[in-house]
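Numbering (mature numbering (1 follows the signal peptide of the UniProt record, and there is no 0)), first residue to last: -31 to -1, 1 to 516.
This report refers to the structure that appears directly beneath it.
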Amino acid sequence: MIMEKFALRSRFLLAGAAMSVLLLAGSPALAVTPADTLVEGFAIDDIISMDPGEAFELSTAEVTGNTYDLLVRLDLSDTAKVKGDLAESWTVSDDGLTYTFKLKPGLKFASGNPITAADVAYSFERAIKLDKSPAFIIGQFGINGDNVTEKAKAIDDTTFQFTVDKAYAPSFVLNCLSATVASVVDAKLVKEHVAAVTPSADYKYDNDFGNAWLKTGYAGSGAFKLREWRANEVVVMERNDNYHGEKAKLARVIYRNMKESSGQRLALEAGDIDVARNLEPNDLDAIARNADLTTTSAPKGTVFYISLNQKNPNLAKPEVRQAFKYLVDYDALSSTILKGIGEIHQTFLPKGVLGELDENPFTFDVAKAKELLAKAGLADGFSVTMDVRSRQPETGMAESIQQTLGQAGIKLEIIPGDGKQTLTKYRARNHDIYIGVWGQDYFDPNSNAQTFASNPDNSDEGKTKTLAWRNAWDIPDLTKETEAALLEKDSAKRAAMYQDLQKKILETSPFIVIHQQLEVAGLRKNLKGFALGPSFDTNFVGQISKE
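This is the structure in structure tokens:
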């Protein structure tokens, strides 16, 4: 591994005075981060925009979660629920179509402008009309550019109304409104920075809703305000003294772009950073043995899985699908390649999500797998390929599975490729087996159920390209059950429906869910209040202090 070179990076104003901050130390001498500043080593090279109406990357979600407010936010004390953020209360109409939110009084943006229901309405309008990657989370409720100003509107300064097209489960609607795309922007400030656009067939509006400016700008009201972002280098956040909740304990937070696990570990040991965020098992172990450091982890809404393309006649046999589930050495993966960064989890809903089913019925059992293969008429095994992205932990997992499949006579050829190559092939349904990672688009069971248990049109021309579709798994009955769960208003009944779906997926599906991701971090022991949330946009830093 090539260690990152450290250098001076950023200059910014604080409290009206110019201040130079050493982001990357060029000297090998022990460095100490400022007492009022949190410095995190983090791979933030995925960030392409800071506009909450456009951004859909993991690193950006963390920044957005700390710099913008929402109507409602995930309740970390019970992640099956949401709680009010800007909204003081809300009601749902008797027909289940209209959600009315009352805002808390006296709210302000970081700019000092008051937060009103008109700002909420504008935030929804611009997200839908920009139609960037995360817009579907709001658009799936029958909202489009033509009707958004009627469907998402301010009734008065403190009342916002959102109207959906079906009587969905309220938990589904509210969970989607806790996604970062529903972040509330300062409409007055954004409108001061809109750029004119010539309407076209692809984009019919005459302005960009401030998108060009918000790619690097800021118009929020969160605990922190975005001070600076430079692609592949640094993100700087500064405390927002206009924040409506408890004020952040530290003056600023700096994310330094550091991709290599070893580089992060060395910087943490040297005192150059307070937190290391992208650690591999060996570096995590080294930090755990250091008396000046400690580690923490949290399960994330991301699962590692293998999928079997049902276009392959051997993989389409039900007994073969089951045999594969007995040919993964879950324990060995957990204690080696995924040590500290993954935990055994075999159902498609991650822990913490409404309706999660904490059952892991499969263990490594070659004899059982051979018995199933014999029933399928494949006692002598067969040959098959697996497309694998050339990175860890996927490569290591594939090599382990290659070895365990071989014990049952299945000859696996690993086909390595970069992300674009493997995903393009997978999305075209041209693979045999694919190993990958699936993360939730929003913190609701439908986000995963819809992709693992729904396939409305299994033809090659199908437009709803779920994971079930990618693997040519034709499941009309499960698709109907998935759609029905969206309309169940009773949360307990809805949870039971998802548990039933997970049991059926465990028994019959071409998916072998292996592990749930554990996000890990190494940190200096003088930090207090550091905690990783269940999703990347709930990794809050406002409560962190230093001794």
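Just so it is clear, CB atoms sit at the ideal spot from N, CA and C, and this is done for glycine as well.
Between the options, which lies nearest to residue i when the distance is taken from Cα to Cα?
i, options, result
"I384", "L392, K320, A377", "L392"
"K101", "F131, G34, N180", "N180"
"K120", "V89, E488, S303", "V89"
"F129", "V117, Y137, R396", "V117"
"V272", "D171, Q468, R42, I481", "I481"
"L76", "D54, I97, S62", "D54"
"I396", "K432, E382, P362", "In the sequence under discussion, the amino acid at residue 396 is Arg, which differs from the Ile named in the question. For the residues K432, E382, P362, the minimum Cα distance to R396 belongs to K432."
"N209", "Y187, P503, S504, A461", "Y187"
"F499", "L143, P21, T265, D446", "T265"
"A220", "G232, F293, L436, M206", "M206"
"L158", "L99, K71, A165, G81", "G81"
"I84", "N211, K228, L277", "N211"
"L475", "K160, L326, E249", "L326"
"A164", "E382, A285, K184, Q419", "K184"
"D298", "G324, P282, A170, F331", "F331"
"Q371", "P362, T354, G386, R358", "T354"
Thinking C-beta only, is residue j closer than 9 Å to residue i?
i, j, result
"A151", "S230", "no"
"residue 537", "V244", "Nothing in the structure corresponds to residue 537, since the chain is present only between -31 and 516."
"G214", "A79", "no"
"W442", "Y274", "no"
"D356", "D401", "yes"
"S478", "K497", "no"
"V41", "A56", "yes"
"L447", "A422", "yes"
"R225", "G10", "yes"
"F105", "K135", "no"
"A86", "I124", "yes"
"L45", "S276", "no"
"D241", "V8", "yes"
"G388", "K394", "no"
Within the continuous alpha helix (DSSP H) that includes residue i, where are the two ends?
i, result
"M366", "363 to 375"
"A24", "Run containing A24: none; DSSP gives neither H nor E here."
"G108", "105 to 108"
"Q468", "460 to 477"
"G388", "388 to 396"
"A220", "A220 -> no alpha helix (DSSP H), and no H or E assigned at all."
"D446", "445 to 454"
"residue 535", "With the chain covering -31 to 516 only, the question about residue 535 has no answer from this structure."
How long is the line joining the alpha carbons of residue i and residue j, rounded to whole angstroms?
i, j, result
"Q409", "S416", "6 Å"
"N508", "N35", "8 Å"
"V322", "E340", "35 Å"
"M19", "P3", "26 Å"
"V(-11)", "L195", "In this predicted model, V(-11) has a pLDDT of only 40, less than 50, meaning its place in the structure is not dependable enough to derive any value."
"A377", "R360", "26 Å"
"I107", "L262", "42 Å"
"T127", "D47", "27 Å"
"D334", "V153", "51 Å"
"A348", "E368", "23 Å"
"Q512", "F317", "32 Å"
"D469", "A267", "26 Å"
"P503", "A490", "14 Å"
"K73", "K218", "23 Å"
"L501", "L487", "10 Å"
"A192", "E363", "36 Å"
"Y295", "Q485", "18 Å"
"E197", "E382", "46 Å"
"E312", "D171", "44 Å"
"I223", "I16", "15 Å"
Less than 8 Å between the CB of residue i and some heavy atom of the ligand MG, yes or no?
i, result
"G324", "Ligands are entirely absent from the displayed structure, and the ligand MG is therefore not among its contents."
In three-state DSSP terms, what is residue i?
i, result
"R439", "helix"
"P287", "helix"
"E382", "strand"
"A500", "coil"
"T118", "helix"
"R95", "helix"
"L492", "strand"
"I256", "helix"
"S303", "helix"
"A165", "strand"
"A336", "helix"
"P414", "helix"
"F11", "strand"
For the beta strand (DSSP E) holding residue i, just list the boundary residues, first then last.
i, result
"S58", "56 to 61"
"L72", "67 to 72"
"L39", "From DSSP, L39 is part of no beta strand (DSSP E); its letter is neither H nor E."
"S230", "Counting along the chain, S230 falls outside any beta strand (DSSP E), though it belongs to the alpha helix (DSSP H) covering 230 to 239."
"K269", "262 to 277"
"K194", "193 to 199"
"F131", "128 to 132"
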